[in-house]
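Before any comments, here is the structure.
In this note's numbering, the protein residues as written are 1482 to 1588.
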């Protein structure tokens, strides 16, 4: 009986507050979660990129110091090996991204 006496304005205000709460729940919460997800993903990407640079520098340095084959006019070969290793890492990363989507398609 008390519900019948509230009036149209009170019902409309209740509807607006319910819609506002719903929109906040369904948009702001997931956006915050997405921000954390992207932040950790970006941090991981930066760490892997730095690690790859150090690994490639190590490969080039090992080839330059431990072998006597790459002296004088063949001194560019360790750099080519570093570039080849970098391209290999990039191809593996792209393949991993492509296969990741296919693995979850059956869920």
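Using N, Cα and C, we set each Cβ at its ideal position, and we do this for glycine too.
DSSP state of residue i mapped onto helix, strand, coil
| i | result |
| --- | --- |
| residue 1557 | coil |
| residue 1488 | coil |
| residue 1509 | helix |
Pair within 7 Å by beta-carbon distance, residue i and residue j
| i | j | result |
| --- | --- | --- |
| residue 1562 | residue 1538 | no |
| residue 1533 | residue 1570 | yes |
Among the options, nearest to residue i - alpha-carbon criterion
| i | options | result |
| --- | --- | --- |
| residue 1558 | 1567, 1569 and 1541 | 1541 |
**OP:** Let me know the alpha helix (DSSP H) ranges lying completely inside the segment 1517 to 1554, each 4 residues or longer, listed in chain order.
**Re:** Within the segment 1517 to 1554, no run of alpha helix (DSSP H) reaches 4 residues while sitting entirely inside it.
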